[in-house]
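Step one of this worksheet: look at the structure below.
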Amino acid sequence: MNGAQMTPTERANTALSKSTSTADTETPILEVRNASRHFGKFRALSNVSVSFKSHELTAIIGPNGAGKSTFFNVISGGLAPTSGQVLFEGRDISDIAAHEFARIGIAKSFQITNVFKELSAHENVRVALQMQITKFELWRSRASYKSLIEEADVLLDRVGLLNERSKCAADLAHGQQRSLEVAMALACHPKLLLMDEPTAGMSPEETKVMMDLIKELAQERTVILVEHKMKMVMGLCNRLIVLHHGELLAEGTPEQIRNNAEVKRVYLGQH
Ligand SMILES: Nc1ncnc2c1ncn2[C@@H]1O[C@H](COP(=O)(O)OP(=O)(O)O)[C@@H](O)[C@H]1O
Ligand SMILES: [Mg+2]
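Residues in the sequence shown are numbered from 474 upward in steps of one, following my numbering.
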């Protein structure tokens, strides 16, 4: 059965089983080859090559202005690289449209909260789920509509928001809005989840909740997050990648990065 013949639930289940498969762990899920991104004459990203293994939880760190968000945008379809390539499961995705990313299995959660404030938590997730439905499936049966409602509840439960399902998004705490956004990102059952500063602006308690959620989500899929605060990711990630002035400065385990003299130097005076 091909994708076009499947019901949305079947497609979601297929995507889910693919995303939880542990086979093929040797092929990088994402590979960045000599990627540069210029803004006029300014090189925000300069010849960066790095690859990510399936089911790894990696953080991209670096001081302010290091090129982290530019890197994030290049791997998530927000910006085309000026030169170089981005390969997802071996396929060059440097030129594909941003809206195609969810379809191929890449979802992103932004630095800025991206929810519809006037809708309830449940409605927000339903909108995200509905965006996965192709125009051929617009005329849906009552039964499949019901499954959409249930699927939205499953996703809200996944991020710890089931009790808040009827609350207007505007009335949720900042941390809860970020969790809601994660639930929306999960609507396409991504194999690769990209997060830009997932704990930005959060209280210590909210940060703890989000970090626990990221840890859980990373057991089921590949997660790459961009983070300014080095301390936060040290106990969370298997691997760290350090950018500085748009270049790859170092990569390694938290232990290796903690002991890297160059990393210490660029982070001096930073927190
Ligand atoms: N759209 C843009 N136009 C011009 N310069 C940009 C643009 N986006 C980022 N930059 C510059 O590129 C550098 C890296 O920015 P960014 O990727 O946002 O860094 P980070 O996320 O690590 O703080 C900064 O000096 C920033 O001013
Ligand atoms: Mg940034």
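Glycine included, every Cβ here is placed at the ideal spot set by N, Cα and C.
Buried or exposed for residue i, please, with buried defined as at least 16 other CB atoms from any protein chain shown within 10 angstroms of its CB.
i: N537; result: exposed
i: I622; result: exposed
i: R564; result: exposed
i: T695; result: buried
i: V736; result: buried
i: G513; result: exposed
i: P677; result: exposed
i: Q650; result: buried
i: R738; result: exposed
i: A691; result: buried
i: A477; result: With a pLDDT of 49 at A477, under the threshold of 50, the modelled position of that residue is not reliable, and no figure is offered here.
i: T672; result: buried
i: F574; result: buried
Short of 6 Å in beta carbon distance, which residues of its chain neighbour residue i, apart from the five on each side in sequence? Order them along the chain.
i: S582; result: E654, V655, A658, M668
i: G557; result: R506, N507, A508, S509
i: R638; result: A594, H595, L629
i: F589; result: N597
i: N587; result: E654
How about residue i and residue j: are their beta carbons less than 9 Å apart?
i: H647; j: E689; result: no
i: A571; j: G550; result: yes
i: G535; j: V715; result: yes
i: V521; j: L713; result: no
i: I730; j: M703; result: yes
i: P663; j: A601; result: no
I believe residue i touches residue j by the beta-carbon criterion, under 8 Å. Please report the beta-carbon distance rounded to the nearest angstrom.
i: V454; j: G633; result: Nothing can be reported for residue 454, as the shown portion of the chain is limited to 474 through 744.
i: C641; j: S593; result: 6 Å
i: E700; j: E724; result: Between E724 and E700 the Cβ distance is about 15 Å, and since that is not below 8 Å, they are no contact.
i: L635; j: D644; result: Not quite, the Cβ-Cβ distance comes to about 16 Å (not below 8 Å), so this is no contact.
i: L698; j: A532; result: 5 Å
i: N711; j: L530; result: 5 Å
i: L560; j: L665; result: Not really, about 12 Å apart at Cβ, beyond 8 Å.
For residue i, collect the residues of the same chain with a Cβ closer than 8 Å to its Cβ; drop the 5 residues on either side in sequence, then sort them by chain order.
i: G674; result: H647
i: D568; result: A553
i: E453; result: An answer regarding residue 453 cannot be provided, because it is not within the stretch 474 to 744 covered by the chain.
i: F515; result: none
Which residues does DSSP pair with residue i in a beta bridge?
i: G725; result: L713
i: I579; result: L665
i: Q605; result: Answer is none; Q605 lacks a bridge partner.
i: E504; result: S524, L560
i: A660; result: Paired residue(s): none; A660 is not in a bridge.
i: I534; result: E700, V715
i: A518; result: The question names Ala, but residue 518 in the sequence shown is Leu. Note: L518 sits in a beta bridge opposite R510.
i: D565; result: L560
i: T695; result: L665
i: E720; result: H717
i: M593; result: Note that residue 593 is Ser in the sequence shown, not Met. C641.
Using C-beta distances below 7 Å, list every residue in its chain close to residue i, excluding the 5 sequence neighbours before and after it, in chain order.
i: L518; result: A508, S509, R510, G540, T543, F544, V547, G719
i: P501; result: S524, F525, K526
i: L555; result: The question names Leu, but residue 555 in the sequence shown is Thr. For T555, where only same-chain residues beyond five positions count, the Cβ hits under 7 Å are S509, R510, H511.
i: P727; result: M707, C710, L713
i: Y740; result: P536, M703
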